[in-house]
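Residue numbers (the numbering used here), protein chains in the order written: chain V, 51 to 306; chain F, 51 to 306. Every residue, glycine too, gets a C-beta built ideally from N, C-alpha and C. Since the model is a prediction, treat every value here as computed from it, not as a measurement. Okay, structure first, notes after.
Number of protein chains: 2
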Amino acid sequence: MNNAVVYPKNTSKSVTARALAVLGAFTVAEPSLTLSHLARIAGLPIATVFRLAAELEEGGFLDRDDAGRYSLGVKLWEMGLLTPVHGHLREIAMPFLLNLQYDCREIVQLAVRDGVDAIYVEKLTSEESVPVQSRIGARIPLHATGVGKTLLAYSPESFIEVVLEMQLPRYTEDTLTNKRALAKDLAAIKAQGFARSHQEYLMGSTSVAAPVLVNGVIRASIGIVNYTAREDLDTCVPALLHAATGLGKRLEEIES
Amino acid sequence: MNNAVVYPKNTSKSVTARALAVLGAFTVAEPSLTLSHLARIAGLPIATVFRLAAELEEGGFLDRDDAGRYSLGVKLWEMGLLTPVHGHLREIAMPFLLNLQYDCREIVQLAVRDGVDAIYVEKLTSEESVPVQSRIGARIPLHATGVGKTLLAYSPESFIEVVLEMQLPRYTEDTLTNKRALAKDLAAIKAQGFARSHQEYLMGSTSVAAPVLVNGVIRASIGIVNYTAREDLDTCVPALLHAATGLGKRLEEIES
DNA sequence: CGAGATTTTTCATTCAGTGAAAAGAAATAT
DNA sequence: ATATTTCTTTTCACTGAATGAAAAATCTCG
Numbered sequence: 051m052n053n054a055v056v057y058p059k060n061t062s063k064s065v066t067a068r069a070l071a072v073l074g075a076f077t078v079a080e081p082s083l084t085l086s087h088l089a090r091i092a093g094l095p096i097a098t099v100f101r102l103a104a105e106l107e108e109g110g111f112l113d114r115d116d117a118g119r120y121s122l123g124v125k126l127w128e129m130g131l132l133t134p135v136h137g138h139l140r141e142i143a144m145p146f147l148l149n150l151q152y153d154c155r156e157i158v159q160l161a162v163r164d165g166v167d168a169i170y171v172e173k174l175t176s177e178e179s180v181p182v183q184s185r186i187g188a189r190i191p192l193h194a195t196g197v198g199k200t201l202l203a204y205s206p207e208s209f210i211e212v213v214l215e216m217q218l219p220r221y222t223e224d225t226l227t228n229k230r231a232l233a234k235d236l237a238a239i240k241a242q243g244f245a246r247s248h249q250e251y252l253m254g255s256t257s258v259a260a261p262v263l264v265n266g267v268i269r270a271s272i273g274i275v276n277y278t279a280r281e282d283l284d285t286c287v288p289a290l291l292h293a294a295t296g297l298g299k300r301l302e303e304i305e306s
Numbered sequence: 051m052n053n054a055v056v057y058p059k060n061t062s063k064s065v066t067a068r069a070l071a072v073l074g075a076f077t078v079a080e081p082s083l084t085l086s087h088l089a090r091i092a093g094l095p096i097a098t099v100f101r102l103a104a105e106l107e108e109g110g111f112l113d114r115d116d117a118g119r120y121s122l123g124v125k126l127w128e129m130g131l132l133t134p135v136h137g138h139l140r141e142i143a144m145p146f147l148l149n150l151q152y153d154c155r156e157i158v159q160l161a162v163r164d165g166v167d168a169i170y171v172e173k174l175t176s177e178e179s180v181p182v183q184s185r186i187g188a189r190i191p192l193h194a195t196g197v198g199k200t201l202l203a204y205s206p207e208s209f210i211e212v213v214l215e216m217q218l219p220r221y222t223e224d225t226l227t228n229k230r231a232l233a234k235d236l237a238a239i240k241a242q243g244f245a246r247s248h249q250e251y252l253m254g255s256t257s258v259a260a261p262v263l264v265n266g267v268i269r270a271s272i273g274i275v276n277y278t279a280r281e282d283l284d285t286c287v288p289a290l291l292h293a294a295t296g297l298g299k300r301l302e303e304i305e306s
């Protein structure tokens, strides 16, 4: 239609896979779709999508507005809340993040590692502006940004090796793409207990980040970011470390 | 097994419905299940669930840990973020809630109406304690609690009628279950622009709540709650109203 | 009003999904 | 250690649920 993107004809056969493809058609950019558009993206015949969508709607997984446009249903949101990443991390982390935000009044982020990416699980900001790059659920590279590097630095050596061997994309002039330089930085992070990053991913952004360790194993990372670079984030480090270790201890408590 | 609950044998036939039943088997109480348990709850043959679960896992909708226990997958959480209730409400509301929390340091809640219930979309608290009744995603009655009554008060008359005619459950001595009394309270709420509630749902909890109006139509409600009752919440009302109207205006801006 | 696009319904065909049962693993009791 | 129970995985012959092309109904907009 408006873009020339060719969506892959869905060759998978199972009904379930098709239904999931329908759900998977929605994106941040297009969170609401018409039937035909939905079918096009999912790579399925319209009639098929029509039937599947009706069932998904029946189950509350899809919503349909008066105009007939589909969007993901509340049920999906409710299920997301039952996910460990929410129920067992974000829920518990929230008070710590909130207090940290209260103390330093900067943007506070919580991130976890998922595969070779980091995902933002929570972001607290009192500003109304919305930097899309750091929206909740966004995936960011492990080798740039404070939280990413922290998550990587505390990972098992074997995993670090794997990432170091990858072709690391460059985002800015300061992105660490060189294996030796990155390895050295990771070691420094572990040595001092937190990471610093200055426009390695996004121009004009500065961040500090600390690991959330549960019984010595990295579970998440808390970061403080500033997009104006006028503030000196180092003054926030004590509060940051306090929040990170506090959360780690709390998680140990709960899991014991 | 440990409880005598008889799960309904799933008579629905469609594959999709079965797959959704598998996902629907997870609850806050049991966010992680074994295969057989999962099959029992979903009301489906084990072999069937085994197959479906494998596909759902393939798609990232389910996770399976080393022990073989299933839990809902990250994909589900990510999809929940694309839901309007998150992407188009909680995301935008967050700065307002955060500033409100900063100003009054009480528990701040954001709720929407869904059917004849209210649902908590967000809850900010700096306390580590977790009152389960108000967890995000929890459903609460419209006729008790501040946010519930606010959502109801600003609903169309026709809808209010429907709710008033329902058999309204009593939770505490102070719950308004009487039609006349509730109607009067709703009118008062609209007259003064915000709601007050004192242990109408949960003993020892006090709350104030204000409507988030978008072009005059109720969209959500912001509430402040206190479980210790020592504080006088009235001092927070100005900040509360400021947040609620601020959010309403912001939403109007975005939707225009 | 009519041409183009979108949504909904229908229906004959067939292939994907089914689940009982058997085999294999684990956990638990004796 | 061995038996017993419970849970997980694989197999396979059968069948009815899912399919999608095409027709019908509906909407959209110049």
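Setting aside the 5 residues that flank it on each side, F/Lys173 is surrounded in the same chain by Ile157, Val158, Gln159, Leu160, Ser184, Arg185, Ile186, each with a C-beta closer than 8 Å to its C-beta; the list follows chain order. For F/Pro81, the closest Cβ of chain V is nearer than 9 Å. Around the C-beta of F/Ala238, fewer than 16 other C-beta atoms lie within 10 Å, and the residue is accordingly described as exposed. When secondary structure is reduced to three states using DSSP, F/Leu83 falls in the strand class. Neighbours of V/Asn149 across chain F, judged by C-beta separation under 8 Å: Ser176.
Under the DSSP definition of a beta bridge, F/Ile272 partners with F/Leu160, F/Ala260.
The residue from F/Val262, F/Asn276, F/Leu283 with its alpha-carbon nearest to that of F/Glu302 is F/Val262. A straight line joining the alpha-carbon of F/Thr295 with that of V/Leu126 spans about 29 Å. The Cβ atoms of V/Met253 and V/Thr222 sit closer than 9 Å to each other. In this structure, the beta-carbon distance from F/Ala270 to F/Thr195 does not fall below 9 Å. One finds Trp127 in chain F with Cβ atoms closer than 7 Å to the Cβ of V/His136, taken in chain order. Looking only at V/Val267, V/Gly110, V/Ile304, the smallest Cα-Cα distance to V/Glu207 is reached by V/Val267. The alpha-carbon of F/Phe209 is positioned some 22 Å away from that of F/Gly273.
Cβ-Cβ distances below 7 Å link F/Phe100 to Leu85 in the same chain, with the five nearest sequence neighbours on each side left out; the list follows chain order.
Around the CB of F/Arg140, 16 or more other CB atoms lie within 10 Å, so the residue is classed as buried. Under the three-pair Cβ rule at 8 Å, the stretch 61-75 of chain F counts as touching the stretch 94-112 of chain V. For the stretch 98-123 of chain F, the set of residues with a beta-carbon nearer than 8 Å to any beta-carbon of chain V comprises Leu102, Glu105, Leu106, Glu108, Gly109, Phe111, Asp113, Ser121, Leu122, Gly123, in chain order. According to the DSSP assignment, V/Glu207 belongs to no beta strand (DSSP E) but to the alpha helix (DSSP H) extending over 207-215. Every alpha helix (DSSP H) stretch that sits fully inside the stretch 95-155 of chain V and reaches 4 residues is listed by chain position as 96-108, 124-132, 141-154. The same chain holds no residue with a CB closer than 6 Å to that of V/Glu178 once the five nearest residues on each side in sequence are set aside. Pairing V/Gly118 with F/Thr133 gives a Cβ-Cβ distance that is not under 9 Å.
Assignment of F/Pro191 by DSSP, reduced to helix, strand and coil, places it in the strand class. V/Pro81 and F/His138 have their C-alpha atoms roughly 10 Å apart.
F/Tyr277 and F/Lys229 have their C-alpha atoms spaced approximately 27 Å apart. With a 10 Å radius around the Cβ and a threshold of 16 neighbouring Cβ atoms, V/Ala92 comes out buried.
The criterion of a C-beta distance shorter than 9 Å is satisfied by F/Leu94 and F/Leu102. Straight-line spacing of the CA atoms in V/Arg114 and V/Thr200 works out to 42 Å. Annotation: the continuous beta strand (DSSP E) that includes F/Ile169 extends over 167-174. Counting C-beta atoms within 10 angstroms of its own C-beta, V/Gln151 has 16 or more neighbours from the protein chains shown and is therefore classed as buried.
With a threshold of 16 other beta carbon atoms within 10 Å, V/Met216 falls short and is exposed. Beta-bridge pairing by DSSP links F/His292 to no other residue. In this structure V/Ile190 is buried. Its beta-carbon is surrounded by 16 or more other beta-carbon atoms within 10 angstroms. DSSP lists F/Ser257 as the bridge partner or partners of F/Ser247.
Listed as beta-bridge partners of V/Val267 by DSSP are V/Val264. F/Leu291 is outside the set of residues whose beta carbon lies under 9 Å from a beta carbon in chain V. Per the C-alpha coordinates, the member of V/Asp224, V/Arg90, V/Leu236, V/Leu202 positioned closest to V/Glu250 is V/Asp224.
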